[in-house]
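Student: Numbering (full-length UniProt numbering), first residue to last: 1 to 707.
For glycine and all other residues, C-beta sits at the position ideal for the given N, C-alpha and C.
Here the structure is a predicted model, which means the values were calculated and not measured.
First, the structure itself, so that you have it in front of you.
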Amino acid sequence: MAQALRDTEDVATSIWLVTMQCQESVPSGPRNVISIVNETSIILEWHPPRETGGRDDVTYNIICKKCRADRRSCSRCDDNVEFVPRQLGLTECRVSISSLWAHTPYTFDIQAINGVSSKSPFPPQHVSVNITTNQAAPSTVPIMHQVSATMRSITLSWPQPEQPNGIILDYEIRYYEKEHNEFNSSMARSQTNTARIEGLRPGMVYVVQVRARTVAGYGKFSGKMCFQTLTDDDYKSELREQLPLIAGSAAAGVVFVVSLVAISIVCSRKRAYSKEAVYSDKLQHYSTGRGSPGMKIYIDPFTYEDPNEAVREFAKEIDVSFVKIEEVIGAGEFGEVYKGRLKLPGKREIYVAIKTLKAGYSEKQRRDFLSEASIMGQFDHPNIIRLEGVVTKSRPVMIITEFMENGALDSFLRQNDGQFTVIQLVGMLRGIAAGMKYLAEMNYVHRDLAARNILVNSNLVCKVSDFGLSRYLQDDTSDPTYTSSLMASSTVPMTSTLNLGGKIPVRWTAPEAIAYRKFTSASDVWSYGIVMWEVMSFGERPYWDMSNQDVINAIEQDYRLPPPMDCPAALHQLMLDCWQKDRNSRPRFAEIVNTLDKMIRNPASLKTVATITAVPSQPLLDRSIPDFTAFTTVDDWLSAIKMVQYRDSFLTAGFTSLQLVTQMTSETGKEKSALERRGREEWSEAAEIRSGTQMRVLQSHRHMSFA
Numbered sequence: 001m002a003q004a005l006r007d008t009e010d011v012a013t014s015i016w017l018v019t020m021q022c023q024e025s026v027p028s029g030p031r032n033v034i035s036i037v038n039e040t041s042i043i044l045e046w047h048p049p050r051e052t053g054g055r056d057d058v059t060y061n062i063i064c065k066k067c068r069a070d071r072r073s074c075s076r077c078d079d080n081v082e083f084v085p086r087q088l089g090l091t092e093c094r095v096s097i098s099s100l101w102a103h104t105p106y107t108f109d110i111q112a113i114n115g116v117s118s119k120s121p122f123p124p125q126h127v128s129v130n131i132t133t134n135q136a137a138p139s140t141v142p143i144m145h146q147v148s149a150t151m152r153s154i155t156l157s158w159p160q161p162e163q164p165n166g167i168i169l170d171y172e173i174r175y176y177e178k179e180h181n182e183f184n185s186s187m188a189r190s191q192t193n194t195a196r197i198e199g200l201r202p203g204m205v206y207v208v209q210v211r212a213r214t215v216a217g218y219g220k221f222s223g224k225m226c227f228q229t230l231t232d233d234d235y236k237s238e239l240r241e242q243l244p245l246i247a248g249s250a251a252a253g254v255v256f257v258v259s260l261v262a263i264s265i266v267c268s269r270k271r272a273y274s275k276e277a278v279y280s281d282k283l284q285h286y287s288t289g290r291g292s293p294g295m296k297i298y299i300d301p302f303t304y305e306d307p308n309e310a311v312r313e314f315a316k317e318i319d320v321s322f323v324k325i326e327e328v329i330g331a332g333e334f335g336e337v338y339k340g341r342l343k344l345p346g347k348r349e350i351y352v353a354i355k356t357l358k359a360g361y362s363e364k365q366r367r368d369f370l371s372e373a374s375i376m377g378q379f380d381h382p383n384i385i386r387l388e389g390v391v392t393k394s395r396p397v398m399i400i401t402e403f404m405e406n407g408a409l410d411s412f413l414r415q416n417d418g419q420f421t422v423i424q425l426v427g428m429l430r431g432i433a434a435g436m437k438y439l440a441e442m443n444y445v446h447r448d449l450a451a452r453n454i455l456v457n458s459n460l461v462c463k464v465s466d467f468g469l470s471r472y473l474q475d476d477t478s479d480p481t482y483t484s485s486l487m488a489s490s491t492v493p494m495t496s497t498l499n500l501g502g503k504i505p506v507r508w509t510a511p512e513a514i515a516y517r518k519f520t521s522a523s524d525v526w527s528y529g530i531v532m533w534e535v536m537s538f539g540e541r542p543y544w545d546m547s548n549q550d551v552i553n554a555i556e557q558d559y560r561l562p563p564p565m566d567c568p569a570a571l572h573q574l575m576l577d578c579w580q581k582d583r584n585s586r587p588r589f590a591e592i593v594n595t596l597d598k599m600i601r602n603p604a605s606l607k608t609v610a611t612i613t614a615v616p617s618q619p620l621l622d623r624s625i626p627d628f629t630a631f632t633t634v635d636d637w638l639s640a641i642k643m644v645q646y647r648d649s650f651l652t653a654g655f656t657s658l659q660l661v662t663q664m665t666s667e668t669g670k671e672k673s674a675l676e677r678r679g680r681e682e683w684s685e686a687a688e689i690r691s692g693t694q695m696r697v698l699q700s701h702r703h704m705s706f707a
């Protein structure tokens, strides 16, 4: 009897347990997420779920996803992201996340789970939050290398920080003798990733650290590394070892120069005069100035008798098996452009851009296509697009470069109209100017500098690209950006045009380059001024819908572009300096970089907004709108005066046609005139006029509605 009673109790207990388990379920999602963003760190807090599933063991998991600018695609965050106290199994409704990328969109999923979540066929309930990190100082420089040393100096180099988080303005180097402490340290600065530290003592060991600076400030100093200057004995020993090499090199150099002169004399007698004209065209890639002592000088691949030799010399051949093509991202002059991946032996896989040469090409097209790689391969600068290599031993022929996530600068700015601060825009301009300064110092002339030929990566670093497009455009090119040099100006001498041919981008090209095909670093400075205007107007087309011939005529009459909306006066003045008619009066790129650096260091200098009346000595173009009678619909008229947002207000007021608009009372007619007048006012006063006019329009609409 007792045993039967116990069995009954066990069955009842089991039934109760099963019943309770059946009542348990997974929790609902967390609620009311609060986020706090501090540069590249984020704190997330939330409220517990309303439904816990009948259990008290609810914990939370954080899923981190890094997204593209448009948030159309996201991928899991890498292992470098740090979660405190942890990423999975959180018992509190709070987590701190750090080591994120700057200027980057993220999505965080906060999952709620309990003891029965693992048995559910459905994923855990979660709440998502979208966050974009702020600007931050650069990460640390990973390592330094000693390039050379003397008794009183050390030359060092280092790679760029893995996360620059913007444009690197300069580097600060801290150094001190090892037997002393860092309180006795000295400082040096460098605008590149190399530095020569001088004034040191012979035979001493020095502790050196370096850190990078952006507009957000300095990053942390790198780890301490030790380097030693030469002793007197070391220096003499090194000199003795180098003397035979120096003597041998000098002798070989004399023999080489004598041989070269002899060959040149023989060859020059065999060349026809017509070939001299072609050769002079090749030399137009050189600027008229001289390179700095020790500065690497650009070599035109077209001066090689065999252009393939230039490719072999300046571009690395990549086995096609290391390349994986993924998707088409554009089309170039010679074929399609793809996004892909490159995995070289011993290196991590990286995303790359792949330019291909279309099938059926001629030998000349192949040579012209690969010449861009021969040009890019000579450059090494953080603001110049980096060449990874070429594929020439299989089909299709490819040029492989670093991948720039945000694409061309002009379209990127149009997609993000008004989303960047003036300082951010100046930072972009500074990067472009730094790249052009490097090219100018190498005696390279770009010829086609424009926002469409600037690429932007995920950190908003701008890099100069397209080193060959303007040179090789054919006369049958349909792109309206480029105009035949025969048509470009009535002042072009027939002989120079016939020898050179091709097309030029009129809106970006200096007047002397249009008229005489005289391309120099100074003509690149003119183009840079146009790029400045494109950046500050968020990708607007220079000279709007004016024809190329009208642009040429306006420039010849000394008209220049007005300041874009809300453009600082200092920046517009720099544009006007770049557009000086006398090319010798234009600033050099080194001066432009210094000017922009001063603006970045002193943001107050950018607060004064430019106005047309501020430069009465310089005639500026005015983007006027057509007469009112030229429009056929209310929508067209409002769009032309940039007040399309008030379309519904007009319709509500009963003004559904232009005929009704013209029948406004005298009071509302004045409002219409004010609106039209707003479209013709200076860009610099646009914000003030917009706010005042909109208020008057709304008041007018209310007045009309009551009527």
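Out of K65, G54 and K343, which has the shortest C-alpha to C-alpha gap to S321?
Tutor: K343
Student: Since A315 and G377 should fall inside the 8 Å C-beta cutoff, what is the C-beta to C-beta distance between them, to a whole number of angstroms?
Tutor: Sure, about 4 Å apart at Cβ, within 8 Å.
Student: Would you please state the rounded distance, in angstroms, between the beta carbons of I555 and V426? I believe it to be under 8 Å.
Tutor: About 26 Å separates the two Cβ atoms, so there is no contact after all.
Student: In angstroms, rounded to a whole number, what distance separates the CA positions of Q111 and V33?
Tutor: 12 Å
Student: Can you find a C-beta in chain D that's less than 7 Å from the C-beta of V323?
Tutor: Looking for chain D here will not work: only one protein chain is present.
Student: Helix or strand or just coil, what does DSSP make of T401?
Tutor: Three-state result, T401: strand.
Student: In three-state DSSP terms, what is P301?
Tutor: helix
Student: Under the three-state reduction of DSSP, which class applies to L658: helix, strand or coil?
Tutor: helix
Student: If you count every other CB in all the chains shown that lies within 10 Å of the CB of N130, and 16 or more means buried, which is it?
Tutor: exposed
Student: Mapping DSSP to helix, strand and coil, what is G529?
Tutor: helix
Student: Please classify H180 as buried or exposed, where buried requires at least 16 other C-beta atoms within 10 Å of its C-beta.
Tutor: So H180 counts as exposed.
Student: What does the alpha-carbon distance come out to for the pair L409 and T356?
Tutor: 22 Å
Student: If you drop the 5 nearest sequence neighbours on each side, which residues of the same chain put their C-beta closer than 6 Å to that of I97?
Tutor: I42 and F83
Student: What does S157 pair with, by DSSP beta-bridge criteria?
Tutor: H145 and T194
Student: Could you say which of M532, D582, R588 and F589 lies nearest to A570 if we only look at CA atoms?
Tutor: Closest by alpha carbon: M532.
Student: Please say whether M536 and C567 have beta carbons closer to each other than 7 Å?
Tutor: Inclusion of C567 and M536 in the CB contact set at 7 Å is warranted, their separation being smaller than that value.
Student: Does the beta-carbon of V397 have 16 or more other beta-carbons within 10 angstroms, so that it is buried, or is it exposed?
Tutor: Under this definition V397 is a buried residue.
Student: My assumption, with CB atoms under 8 Å, is that H446 sits in contact with D524. Please give the rounded CB distance.
Tutor: Cβ atoms of H446 and D524 come within 8 Å of each other, at about 5 Å.
Student: Apart from the five residues just before and just after Y304, which ones in its own chain have a Cβ nearer than 6 Å to its Cβ?
Tutor: Correct list, in chain order: A310.
Student: Quick check on the DSSP output: the beta strand (DSSP E) that includes Y171 runs from which residue to which?
Tutor: Y171 -> beta strand (DSSP E) spans D170 to E177.
Student: Tell me V337's beta-bridge partners as DSSP assigns them.
Tutor: DSSP output for V337 lists G330 and K355 as bridge partner(s).
Student: Ordered along the chain, which non-local residues of its own chain (more than five positions away) have a Cβ less than 6 Å from that of T52?
Tutor: These residues qualify, in order along the chain: P27 and V58.
Student: Measuring straight from C-alpha to C-alpha, what distance separates E346 and R213?
Tutor: Correcting the residue type first, residue 346 is Gly in the shown sequence and not Glu. Taking the straight line joining both Cα atoms gives about 31 Å.
Student: Considering S371, what are the terminal residues of the alpha helix (DSSP H) in which it resides?
Tutor: E363 to M376
Student: What are the boundary residues of the alpha helix (DSSP H) that includes F650?
Tutor: R647 to T652
Student: Can you tell me whether L429 is buried or exposed? The criterion is at least 16 other CB atoms within 10 Å of its CB, across all chains shown.
Tutor: buried
Student: Hey, which unbroken runs of the beta strand (DSSP E) at 3 residues or more fall wholly within the stretch 384-457?
Tutor: Counting only runs of 3 or more, we get 387-391, 398-402 and 454-456.
Student: So who's on the other strand from Q209, going by DSSP bridges?
Tutor: R174
Student: Out of Q365, S374, M404 and P30, which one is the CA nearest neighbour of G382?
Tutor: For the record, residue 382 in the displayed sequence is Pro; it is not Gly. Out of Q365, S374, M404 and P30, M404 has the C-alpha closest to the C-alpha of P382.
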